[in-house]
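What follows is a short report on a single structure.
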């Protein structure tokens with residue numbers, strides 16, 4: 001919380017923590033701690049400057065969960081969370097709901113409209129060692145088990161582009177939803193020769209890699 005205080009953060013979190021305790025207090029353990037830093041530099045220096053280099057490569061499978069996906073079929077929600085957790089041992093949940101997110105549904109922008117109805121962004125993470133051992137197998141697990149399960153639970157939403165499975169099926173609608181056709185037209189108009197490219201980015205299906213060289217398909 002930039003320029004915030006412990007008191008203000010506690011006040012904002014209190015209703016959420018209270019409801020979690022009331023509803024699920026017998027099944028979960030809540031631990032809350034605050035850290036205060038005099039500057040962003042101090043925060044960055046203490047947390048990231050000496051961050052250890054990882055020995056493996058992570059593979060993420062994630063989904064934006066709407067109210068319907070969290071409430072319409074609770075047994076499916078339970079089974080999906082259980083499957084993802086038992087497969088990877090790691091689940092990360094992020095609360096993203098709020099009036100500021102939901103109220104601007106008709107704003108013309110690239111953002112996947114699914115964000116306007118999302119309550120939680122949740123990630124399962126698997127991976128492989130840097131020597132690439134197990135890479136193919138873990139990519140298949142992420143695609144055919146983890147991502148597949150998320151799509152069944154929340155079929156009409158999508159994912160957060162920066163924390164998603166790189167080889168996602170239906171990536172156009174998964175990343176940009178109904179905005180994709182408009183974004184594709186803009187890309188084709190302003191970059192007809194495909195000078196700007198990245199994997200699974202808008203318009204990237206117009207190119208194919210052949211022996212390390214990008215070639216235009218159309």
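Numbering (UniProt numbering), first residue to last: 1 to 218. Positions of the beta carbon are idealized from the N, C-alpha and C atoms, including for glycine.
- For residue 73 and residue 189, the gap between their C-alpha atoms comes out near 43 Å.
- Contact annotation: residue 117 and residue 66 have beta-carbon atoms nearer than 7 Å.
- Judged by DSSP secondary structure, residue 86 falls outside any beta strand (DSSP E) and instead within the alpha helix (DSSP H) spanning 74-88.
- Here the alpha carbons of residue 57 and residue 216 stand approximately 30 Å from one another.
- Straight-line spacing of the CA atoms in residue 108 and residue 97 works out to 20 Å.
- The C-beta separation of residue 77 from residue 119 comes to about 12 Å, leaving the pair out of contact by the 8 Å criterion.
- Going by DSSP, residue 93 is part of the beta strand (DSSP E) stretching over 91-95.
- In the displayed model, residue 140 falls within a helix according to three-state DSSP.
- When the Cα atoms are used, residue 84 and residue 141 turn out to be separated by approximately 10 Å.
- Contact between residue 166 and residue 112 fails: their C-beta atoms lie close to 17 Å from each other, not under 8 Å.
- Taking a contact to require three or more Cβ pairs closer than 8 Å, the stretch 145-165 and the stretch 175-187 qualify as touching.
- For residue 126, the pairing in a beta bridge is given by DSSP as 59.
- The three-state secondary structure of residue 47, taken from DSSP, is helix.
- For residue 10 and residue 62, the gap between their C-alpha atoms comes out near 28 Å.
- A straight line joining the alpha-carbon of residue 94 with that of residue 12 spans about 16 Å.
- Taken atom to atom, the span from the alpha-carbon of residue 36 to that of residue 145 is near 40 Å.
- For residue 205, the secondary structure class from DSSP, reduced to helix, strand or coil, is helix.
- Straight across, the Cα-Cα distance linking residue 180 with residue 187 is about 10 Å.
- The beta carbon of residue 24 sits closer than 7 Å to no other beta carbon from its chain once the five residues preceding and following it are set aside.
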